[in-house]
Structures are given as structure tokens and as C-alpha cells.
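Report on one structure; see the data block that follows.
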């Protein structure tokens with residue numbers, strides 16, 4: 001699986017939105033737009049990745065690198081109220 005991550009809609013140098021495209025053998029499998037206040041479910045593509053699997057939470061921020069590119073999503077989980085960091089590519093829209 002190959003992931004294309006692009007951030008946009010920045011405010012004071014910090015990303016407010018980010019788009020993740022999941023590609024498999026050159027085909028677009030999934031596209032997710034992450035934005036503050038959105039509700040997402042953690043569903044990793046790797047079956048061995050069990051941390052935070054199937055938890056639902058609200059996006060409250062991004063962990064960024066020195067160039068303000070998003071590395072991880074800061075999620076406040078609904079069932080516990082605890083804030084944790086999740087890989088961007090593990091998030092899916094929750095309806």
C-alpha cells in the first residue's frame with residue numbers, strides 16, 4: 001500500500017486539513033480528508049497493528065515535523081476521553 005499525504009488550508013503555518021490517498025498497485029483504493037472536529041474510526045490496513053483498532057474519536061490536531069507537514073493525527077477518543085496519536089493512514093471516515 002502506498003499513501004499520498006497532502007496538507008492544505010494552513011493557519012499560522014499549521015495544517016488544518018489533510019488529504020490521504022491510499023493506492024494499491026497504482027489504483028486509488030481510498031481517499032480520506034482529515035479536518036479539525038471531524039469524527040474518524042481507526043482501521044489500520046496492517047492486520048498486526050492492534051493499538052487503537054476500531055476506536056472512534058474526534059480529530060483535535062496534528063503532530064507536525066519541522067516543515068509543518070502532518071506526521072500523526074491527534075485524536076480524542078469518544079469512549080475514554082483520552083487523547084492519543086494515530087497514524088494518518090489508519091483513519092477512516094465514521095458515519
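Residue numbers (the UniProt record's numbering): 1 to 95. Yeah, the Cβ is synthetic: ideal placement off N, Cα and C, and Gly gets one too.
Am I right that residue i and residue j are in contact with their C-beta atoms under 8 Å? What's the rounded C-beta distance?
i	j	result
residue 35	residue 21	That belief does not hold up - the Cβ atoms of residue 35 and residue 21 are roughly 16 Å apart, past 8 Å.
residue 15	residue 90	Not quite, the Cβ-Cβ distance comes to about 17 Å (not below 8 Å), so this is no contact.
residue 75	residue 40	7 Å
residue 86	residue 66	Between residue 66 and residue 86 the Cβ distance is about 21 Å, and since that is not below 8 Å, they are no contact.
Given residue i, which residues of its chain have a CB within under 6 Å of its CB, disregarding the five upstream and five downstream residues?
i	result
residue 55	42, 77
residue 4	21
What would DSSP say about residue i, mapped onto helix, strand or coil?
i	result
residue 12	coil
residue 21	strand
residue 31	strand
Please identify the residue among the options whose C-alpha is closest to the C-alpha of residue i.
i	options	result
residue 94	32, 6, 25	32
residue 10	19, 3, 2, 82	19
Quick one: residues in its chain with C-beta nearer than 8 Å to the C-beta of residue i, no 5 flanking neighbours on either side, listed in chain order?
i	result
residue 28	21, 22
Output needed for residue i: all residues of its chain with C-beta closer than 7 Å, excluding positions within five of it in sequence on either side, in chain order.
i	result
residue 69	7
> Of all the beta strand (DSSP E) runs that stay within the bounds of the stretch 36 to 91, which reach a length of 3 or more residues?
Replying inline: 39 to 42, 56 to 64, 70 to 77, 83 to 87
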